[in-house]
Amino acid sequence: MSASLEPKISRTSSVDEKQDNVLLLSQIQKLIQKKDNNNLYKLLKKNKKSRTSYKKLKYEGVIYKIGQNLCIKADRRIDYVAKLIKIVKLVDNNDEIYPLIKVQWYYRKFELGDIPKNYMDYISENEVFKTNEYDYIEIESIVSLAQILTYEEFDKLETMNDTTYFMRAAYINQTFQPPIEEWATTCICQKPPNPDLKYIQCEACQEWCHLKCVDLTKDKAKKLLNFVCPKCQQ
Numbered sequence: 001m002s003a004s005l006e007p008k009i010s011r012t013s014s015v016d017e018k019q020d021n022v023l024l025l026s027q028i029q030k031l032i033q034k035k036d037n038n039n040l041y042k043l044l045k046k047n048k049k050s051r052t053s054y055k056k057l058k059y060e061g062v063i064y065k066i067g068q069n070l071c072i073k074a075d076r077r078i079d080y081v082a083k084l085i086k087i088v089k090l091v092d093n094n095d096e097i098y099p100l101i102k103v104q105w106y107y108r109k110f111e112l113g114d115i116p117k118n119y120m121d122y123i124s125e126n127e128v129f130k131t132n133e134y135d136y137i138e139i140e141s142i143v144s145l146a147q148i149l150t151y152e153e154f155d156k157l158e159t160m161n162d163t164t165y166f167m168r169a170a171y172i173n174q175t176f177q178p179p180i181e182e183w184a185t186t187c188i189c190q191k192p193p194n195p196d197l198k199y200i201q202c203e204a205c206q207e208w209c210h211l212k213c214v215d216l217t218k219d220k221a222k223k224l225l226n227f228v229c230p231k232c233q234q
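Counted the way full-length UniProt numbering counts, the sequence shown spans residues 1 to 234.
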């Protein structure tokens, strides 16, 4: 009796496997359509053929390594910036491969939340803030490598490109760390420096001052042979 039941059990098992596979493929397609790569990773990471320990990848002729900073495609002209944390190859039951990367996001000025408008005056278009936010994204989202410097290193650059940024704070849970009030300051206004703005250096104290704070235009500043700030004139 038991022998006669074996084929039936085998067929039932095969049908169940096919149904499970169809369900899995349906889930995968829905997640891909939604671009929900975080849940796609959770769904397929347990597959024995999936690998999550790659140290580097090659995309469009460029080699990218764990720990490097990247420019990531955005829905606008300005790129996002992120650190490469993990490289994974996910595989489904049909041996279809889904390569993804895990990134840690940096925020740029246009991504910052509801912060006071006067704070925005201190923040550069080339400034980034490390966050505690992570995502899995498509490898095809990579635009290029990004270079992230300290403010001091960035300020010394004579030339730069669109992939060069600087960082002087993190942005965790919508809070700057350290707070803006603790950032280094400059000018007679004693506000944090923003390299996007125009400055002039005092010959006496060597302090850099905003042109608008010392009532100068760009043209007037160019014509000055020597500049002494109001504080040193007193």
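A virtual CB, placed ideally from N, CA and C, is assigned to each residue, including glycine.
Quick one: residues in its chain with C-beta nearer than 6 Å to the C-beta of residue 183, no 5 flanking neighbours on either side, listed in chain order? Closer than 6 Å at Cβ, skipping near neighbours: 192.
Kindly indicate the opening and closing residues of the beta strand (DSSP E) around residue 82. Element bounds for residue 82: 80 to 91.
Which residues mark the beginning and the end of the alpha helix (DSSP H) in which residue 154 is found? Residue 154: member of the alpha helix (DSSP H) spanning 151 to 155, first to last residue.
For the putative contact between residue 45 and residue 90, defined by C-beta atoms under 8 Å, what is the C-beta separation to the nearest angstrom? Yes, residue 45 and residue 90 are in contact; Cβ-Cβ is about 7 Å, under 8 Å.
Length-filtered (4 minimum) alpha helix (DSSP H) runs lying within the UniProt domain "PHD-type" (184 to 234): Counting only runs of 4 or more, we get 218 to 223 and 230 to 233.
Grab me the residues of residue 98's own chain with a C-beta within less than 6 Å of its C-beta, minus the 5 sequence neighbours each way, in chain order. Excluding residues within five positions, the ones whose Cβ falls inside 6 Å are 90.
Specify the secondary structure class of residue 133 as computed by DSSP and reduced to three states. Residue 133 sits in a strand when the DSSP states are folded into three classes.
8 Å Cβ cutoff met for residue 62 and residue 72: With a cutoff of 8 Å on beta-carbon distance, residue 62 and residue 72 are scored as not near each other.
Secondary structure of residue 102, DSSP reduced to three states: Strand, per DSSP.
Looking only at C-alpha atoms, which of 38, 77, 206 and 147 sits nearest to residue 160? The shortest C-alpha separation from residue 160 is found at 147.
When the distance is taken between beta carbons, is residue 195 closer than 8 Å to residue 154? Against a cut-off of 8 Å, the Cβ pair of residue 195 and residue 154 comes out as a contact.
Taking all protein chains shown into account, do 16 or more other C-beta atoms lie within 10 angstroms of the C-beta of residue 204, making it buried, or fewer, making it exposed? Looking at its Cβ environment, which holds fewer than 16 other Cβ atoms inside 10 Å, residue 204 is exposed.
Rounded to a whole number of angstroms, what is the C-alpha to C-alpha distance between residue 53 and residue 158? So the alpha carbons of these two residues sit roughly 39 Å apart.
Drop a sphere of 10 angstroms on the beta-carbon of residue 21, count the other beta-carbons inside from all chains shown, and report buried for 16 or more, exposed for fewer. Exposed, since its Cβ has fewer than 16 Cβ neighbours within 10 Å.
Secondary structure of residue 122, DSSP reduced to three states: Coil, per DSSP.
Bridge partners of residue 176, per DSSP? Answer is 171.
Determine the direct distance from the alpha carbon of residue 221 to that of residue 86, and round the result to whole angstroms. So the two alpha carbons sit approximately 49 Å from each other.
Rounded C-alpha distance that separates residue 156 from residue 166: Linking residue 156 to residue 166 through their CA atoms gives a straight-line distance of about 12 Å.
Cβ-based neighbour list, residue 123, same chain, cut-off 6 Å, excluding 5 preceding and 5 following: Within the same chain, residue 123 has close Cβ partners 109.
Indicate, with yes or no, if the ligand MG has a heavy atom lying under 7 Å from the CB of residue 168. Of ligands this structure carries none, so the ligand MG is not represented either.
Straight-line gap, residue 111 to residue 200 (C-alpha atoms, nearest Å): Each residue's alpha carbon lies about 30 Å from the other.
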